[in-house]
Structures are given as C-alpha cells and as structure tokens.
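So the sequence lines, in the order shown, correspond to chains B and Y. Per this note's numbering, residue 1 is the first one in the first sequence, and the count goes up by one each step. Per this note's numbering, residue 1 is the first one in the second sequence, and the count goes up by one each step. For glycine and all other residues, C-beta sits at the position ideal for the given N, C-alpha and C. Single-structure report; data block below.
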Amino acid sequence: GAVVSQHPSWVICKSGTSVKIECRSLDFQATTMFWYRQFPKQSLMLMATSNEGSKATYEQGVEKDKFLINHASLTLSTLTVTSAHPEDSSFYICSARDKGGFYGYTFGSGTRLTVV
Amino acid sequence: AQSVSQHNHHVILSEAASLELGCNYSYGGTVNLFWYVQYPGQHLQLLLKYFSGDPLVKGIKGFEAEFIKSKFSFNLRKPSVQWSDTAEYFCAVNAWSGNTPLVFGKGTRLSVIA
C-alpha cells in the first residue's frame, strides 16, 4: 500500500531557530499534500494545501511566511517552521493524495515539535 | 465549510463490550465520510470510508459504520472490542467532489481494559 515517510518524528529546537519537516511518498506520486497541526486533545487542523509545482494555499490565520511549504517534486514536500517560538510547539502531520485519489489520503506518522 | 463533531472525548470499555462512537457532520452538500484510527505512537490508519451506495460500511478489524443522511451521522461500531483496540479514533469528512482536504473531528480516545 501507499506509504508516506515523515521525518523527523520529534524535534526540540531553540526559540528563534528554524525547523524543516519532510514528507516523502515512497511508492506513489503525491500530487497534493495537506499539512495539519494537532494540539493536545484537539482535532487535526488544516494548515495548508500544496499541489506539486504550485504555491501552497494557506488556511485563514496561518502565516505563510512563518510556515514555508515547498512541494517541488511529486515525492517530496517540506514544511519549514521559521523563527520558531514556544507557541509553535505542536504535532504536525502531512497527508498525501495522488492525482486520481487511487490511494486515498495517506498520512505521515507526524512530527512532535517542541520549541524551548 | 464542513465541520465534524465527535461526542465522546474518552470512552472506557471492558473487553468484549460493544462499541459505538458518535460522529455528526455539518455540510450542505454531498460528502465522503471516513473513520481513522491512531494507535499510540503510530500514524493515522483508515478504518473505513463511505462514498456512496450501501450506507452500512464494513471496515477492517471488525469495525463498521452506518451513514444516516437524515441525521448527518456516521457512527462507528464494533460488536466486541479487544484490548488492542485501545487507540484514538477520528471521524473525518470532505466534500464529495474535487481534491479537497479532510476535516476532522476532535477524536475519541478509546481505552479497553481487561
């Protein structure tokens, strides 16, 4: 079946630094990538949608200059949290979808970000 | 915009008990409906989905869900839970057409005790 590999699984960084999270589709072409954020005991909240080769579409309230999304290839999408602050600490999850939706929505295992 | 409501935050059951987790959605159009499970430390896994047809959907691991259009509901059921079913369960919905993202409920934590 379809697999999305997400790295790192957890990261601790200092306030003011940047962190990059990668999601790779291992056996299918991820034409669309969705990035979610999950706070403890809350739902997954959609941050942005990116289509390969295009600029990401951000949800209302999500700062595009802070959460940089790159989806330059059909197998790799990255989320960079720039100038991270403690309030950015959260669980970030990617979800990939192929063009025809054959594989449905395939989720990465998530990244636990802690900013100290 | 779609929204999803899961009524139970935390459910505790004994092994062999029956399970029903509630899910209601809000959307004016045709939707696709999903249930995902997240075991501790693992990624989200699809349990079952409804696109069209028979409103009673059977998924993996003995789970099933029934779509009741008039009630905007898609409740998840299992006749007899096992300790290994301990996990977080998420109901999700997206608009029927297009490559739209999933909208998730807040999740229900299921704890199964021996």
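Inset, instruction - Could you please tell me which residues of the segment 101-114 of chain Y, in chain order, have their CB closer than 9 Å to any CB of chain B? - result: From the segment 101-114 of chain Y, only P101, L102, V103, F104, G105, K106, G107, R109 have a Cβ closer than 9 Å to chain B.
Legend entry - Residue environment, B:V115, which counts as buried when at least 16 other CB atoms sit within 10 Å: Buried.
Inset, instruction - Starting from the beta carbon of B:Y105, find every residue of chain Y whose beta carbon is closer than 7 Å, and list them in chain order. - result: Neighbours of B:Y105 on chain Y, chain order: L102.
Inset, instruction - Please confirm if B:Q42 has its CB atom under 7 Å from at least one CB of chain Y. - result: Yes, B:Q42 counts as interfacial toward chain Y.
Legend entry - Exposure of B:T17, with buried meaning 16 or more beta-carbon neighbours within 10 Å: B:T17 is exposed by the Cβ-count criterion.
Legend entry - Contiguous beta strand (DSSP E) assignments of at least 3 residues, all confined to the segment 67-100 of chain B: Within the segment 67-100 of chain B, the complete beta strand (DSSP E) runs of at least 3 residues are 67-73, 76-81, 90-97.
Inset, instruction - Mind reading off the beta-carbon distance from B:Y92 to B:L74? Whole number of angstroms is fine, and I expect it under 8 Å. - result: B:L74 and B:Y92 do not touch by the CB rule: their CB atoms are close to 21 Å apart, not below 8 Å.
Legend entry - Neighbour-count burial assignment, Y:Q38, 16 or more Cβ in a 10 Å radius: By the Cβ neighbour-count rule, Y:Q38 is buried, with 16 or more other Cβ atoms within 10 Å of its own.
Inset, instruction - Please state whether DSSP places Y:K58 in a helix, a strand or coil. - result: Taken through DSSP and simplified to helix, strand or coil, Y:K58 comes out as strand.
Legend entry - B:S95 beta carbon less than 7 Å from that of B:H71: B:S95 is positioned such that its CB atom lies no closer than 7 Å to that of B:H71.
Legend entry - Close-in-space but distant-in-sequence residues of the same chain around B:T111 (CB under 8 Å, 5 per side omitted): Contacts found: Q6, H7, P8, S9, W10, V11, I21, F91, Y92, I93.
Legend entry - Of the residues B:Q29, B:L68, B:Y58, the one placed nearest B:T100, counting alpha carbons only: Checking the displayed sequence, the identity of residue 100 of chain B turns out to be Gly instead of Thr. Taking the Cα of B:G100 as reference, the smallest distance to any Cα among B:Q29, B:L68, B:Y58 is reached at B:Q29.
Inset, instruction - Name the residue from Y:G41, Y:V4, Y:L13, Y:I113 whose alpha carbon lies nearest to the alpha carbon of Y:N32. - result: The shortest C-alpha separation from Y:N32 is found at Y:V4.
Inset, instruction - Anything in the segment 33-60 of chain Y with a Cβ closer than 7 Å to a Cβ of chain B? List those residues in chain order, please. - result: Taking 7 Å as the upper bound on Cβ-Cβ separation, chain B lies near residues Q42, H43, L44, L46 of the segment 33-60 of chain Y.
Inset, instruction - State yes or no: is the C-beta of B:A84 within less than 7 Å of the C-beta of B:C23? - result: No; because the gap between Cβ atoms is not below 7 Å, this pair is not in contact.
Inset, instruction - Indicate whether at least one CB of chain Y lies closer than 7 Å to the CB of B:L113. - result: No, its Cβ sits nowhere closer than 7 Å to a Cβ of chain Y.
Inset, instruction - Taking Y:F90 and Y:G107 to be in contact with their CB atoms under 8 Å, please state how far apart those CB atoms are, rounded to whole angstroms. - result: Approximately 5 Å separates the beta-carbon atoms of Y:F90 and Y:G107; this is inside 8 Å, confirming the contact.
Legend entry - Inter-residue Cα distance where the pair is Y:G28 and B:S15: When rounded, the separation of the alpha-carbon atoms in Y:G28 and B:S15 is 43 Å.
Legend entry - Span of the beta strand (DSSP E) around B:F34: Counting along the chain, B:F34 sits inside the beta strand (DSSP E) bounded by residues 32-38.
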